[in-house]
Amino acid sequence: MRTLICGSLAFDSIMVFQDHFKHHILPDKIHMLNVSFLVPEMRREYGGCAGNIAYNLKLLGGEPLIMATVGDDFAAYAERLDALAIPRDYIHHVAGTYTAQAFITTDLDDNQITAFHPGAMNYSHENDVRQVPDLKLGIVAPDGRDGMLRHVRGFHEAGVPCVFDPGQGMPLFSGEELLECVHKSRYVILNDYEAELLQSRTGENLATLARHVEALIVTRGGEGSVIHTAGGQIDIPAVRPAAILDPTGCGDAYRSGILYGIVHGLDWETSGQLASVMGAIKIEHRGGQNHAPSRQEIAGRLKIAFGKTL
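Quick note on the working numbering: the sequence shown kicks off at 16 and runs consecutively.
The following block contains the structure:
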């Protein structure tokens with residue numbers, strides 16, 4: 016049941032602007048933009064797509080392995096992974112670099128402005144997924160460009176089913192490269208903006224792209240998600256959260272539900288519903304890895320929301 020999660024490990028510095036960006040960015044002055052946001056609230060969190068997905072999959076009782084590259088400042092994160100019993104066997108230290116860093120400013124509408132320093136992530140191509148034995152599933156989440164291409168190709172060569180999750184890395188690839196990644200993956204997951212960009216870059220619509228994979232999943236935030244399969248389109252409603260505190264990492268939490276569903280043979284509707292529950296639980300907490308429900312509590316939320324058992 017081991018799932019290899021390829022992607023970034025990062026430190027997130029999250030700041031909250033107690034106003035709305037739209038009140039401070041003048042549309043007719045964008046060509047000479049010079050703004051400063053006072054952020055009296057700031058915290059530093061453990062993050063990165065691979066870290067967040069692995070954390071959530073562990074909550075579900077999955078067996079996540081992380082493949083990533085990290086820098087000289089990784090010690091505190093390493094201790095955290097050890098405490099969570101998430102193996103570090105395939106996390107590679109690149110001397111003389113920083114671990115990836117995200118600086119995220121969120122306004123009162125949950126809009127975000129992010130600055131991202133990739134650091135050691137740029138060396139992700141030095142890892143090789145073919146060296147990891149006994150895998151049930153892999154996912155290629157946002158990472159260094161060359162690493163993402165190598166990991167998709169490596170999973171394909173090894174015969175390991177792969178989820179292609181380009182995320183913020185989408186602009187790094189040409190249309191031909193994106194098509195290659197879709198064709199060599201068994202599943203694709205995107206948010207609605209990324210889905211539009213994928214269609215624009217490749218020249219193919221979602222219906223055509225979905226024919227290349229077993230499932231193409233598009234998330235739509237508060238409007239839920241859509242899973243395109245050979246059997247048709249499955250609409251998954253969003254689960255209403257108890258509170259909306261922080262959207263950071265919600266997509267990663269959603270992905271953990273999809274991965275768990277694939278590995279454990281759940282049908283697509285149930286997998287999507289579980290993913291929706293995980294996203295709702297995450298948005299009720301600040302940071303990407305501060306929610307800590309038990310598996311029983313997750314199962315209870317799934318039962319309440321959709322009448323399903325975990």
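Beta carbons: idealized from backbone N, C-alpha and C, even for Gly.
No experiment lies behind these values; they were computed from the predicted model shown.
- Item | Whether residue 136 touches residue 158 by CB criterion (9 Å) | Residue 136 places its beta carbon less than 9 Å from that of residue 158.
- Those runs of the beta strand (DSSP E) which lie wholly inside the region 196-284 and span at least 3 residues: Within the region 196-284, the complete beta strand (DSSP E) segments of 3 residues or longer fall at 202-206, 230-234, 240-244 and 247-251, listed in chain order.
- Within the region 116-176, note down every full beta strand (DSSP E) run reaching 3 residues or more, in order along the chain. With a minimum length of 3 residues, the continuous beta strand (DSSP E) runs that stay inside the region 116-176 are 127-132 and 152-155.
- Item | Where residue 246 falls, given that 16 or more other Cβ within 10 Å makes a residue buried | Around the beta-carbon of residue 246, fewer than 16 other beta-carbon atoms lie within 10 Å, marking it exposed.
- Message: Quick check: the Cα distance between residue 274 and residue 42, rounded to an integer number of angstroms?
- Response: Those two C-alpha atoms are separated by around 41 Å.
- Start-end ranges of the alpha helix (DSSP H) lying completely within the region 21-93, minimum 4 residues: Listed in chain order, the complete alpha helix (DSSP H) runs (minimum 4 residues) inside the region 21-93 are 64-74.
- Cα-Cα separation, residue 200 to residue 121: Their backbone Cα atoms lie some 33 Å apart in a straight line.
- Query: Do you know offhand how far residue 197's Cα is from residue 308's?
  - Reply: So the alpha carbons of these two residues sit roughly 34 Å apart.
- Query: Going by beta carbon distance, what residues of the same chain come within less than 7 Å of residue 50, once the five residues before and after it are set aside?
  - Reply: Around residue 50: 39 and 40.
- Item | Beta-carbon gap between residue 174 and residue 156 smaller than 9 Å | With contacts defined by Cβ atoms closer than 9 Å, residue 174 and residue 156 do not form a contacting pair.
- Beta-carbon proximity check, residue 233 vs residue 204, cutoff 9 Å: Taking 9 Å as the cut-off, the Cβ atoms of residue 233 and residue 204 count as close.
- Going by DSSP, name the residue or residues bridged to residue 179. Residue 179 pairs with 155 and 203.
- Message: Here's the rule: buried if 16 or more other CB atoms are within 10 angstroms of the residue's CB, otherwise exposed. What is residue 297?
- Response: Taking a 10 Å sphere around the C-beta of residue 297, we find 16 or more other C-beta atoms and assign the residue as buried.
- Can you tell me whether residue 110 is buried or exposed, with buried defined as 16 or more other CB within 10 angstroms of its CB? Classification of residue 110: exposed, given that the 10 Å Cβ count is below 16.
- Please go through the same chain and pick out, in chain order, the residues whose beta-carbon is closer than 6 Å to the beta-carbon of residue 28, but skip the five residues on each side of it. Hits under 6 Å: 59 and 118.
- Going by DSSP, what residues sit across from residue 18 in a beta bridge? Residue 18 is bridged to 79 and 152.
- Task: Please determine, among 242, 277 and 281, the residue with the shortest C-alpha to C-alpha distance to residue 154.
- Result: When the alpha-carbon of residue 154 is set against those of 242, 277 and 281, the nearest one is in 277.
- Just to confirm, are residue 254 and residue 295 a CB contact at a threshold of 9 Å? With contacts defined as CB atoms closer than 9 Å, residue 254 and residue 295 qualify as a contacting pair.
- Task: Would you kindly report the start and end of the unbroken alpha helix (DSSP H) that includes residue 313?
- Result: Counting along the chain, the alpha helix (DSSP H) containing residue 313 begins and ends at 310-321.
- Query: Which value, in whole angstroms, describes the spacing of the CA atoms of residue 81 and residue 22?
  - Reply: Near 8 Å, if we compare the C-alpha coordinates of residue 22 and residue 81.
- For residue 66, collect the residues of the same chain with a Cβ closer than 6 Å to its Cβ; drop the 5 residues on either side in sequence, then sort them by chain order. Hits under 6 Å: 24.
- Query: How would you label residue 15, buried or exposed, when you count the other beta carbons within 10 angstroms and need 16 or more for buried?
  - Reply: Here the chain covers residues 16 to 325 and nothing more, so residue 15 does not appear.
- Does DSSP put residue 106 in a helix, a strand or coil? Strand.
- Query: Where does residue 101 sit, in a helix, a strand or coil, going by DSSP?
  - Reply: Looking at residue 101 - three-state DSSP - the assignment turns out to be coil, as it is neither helix nor strand.
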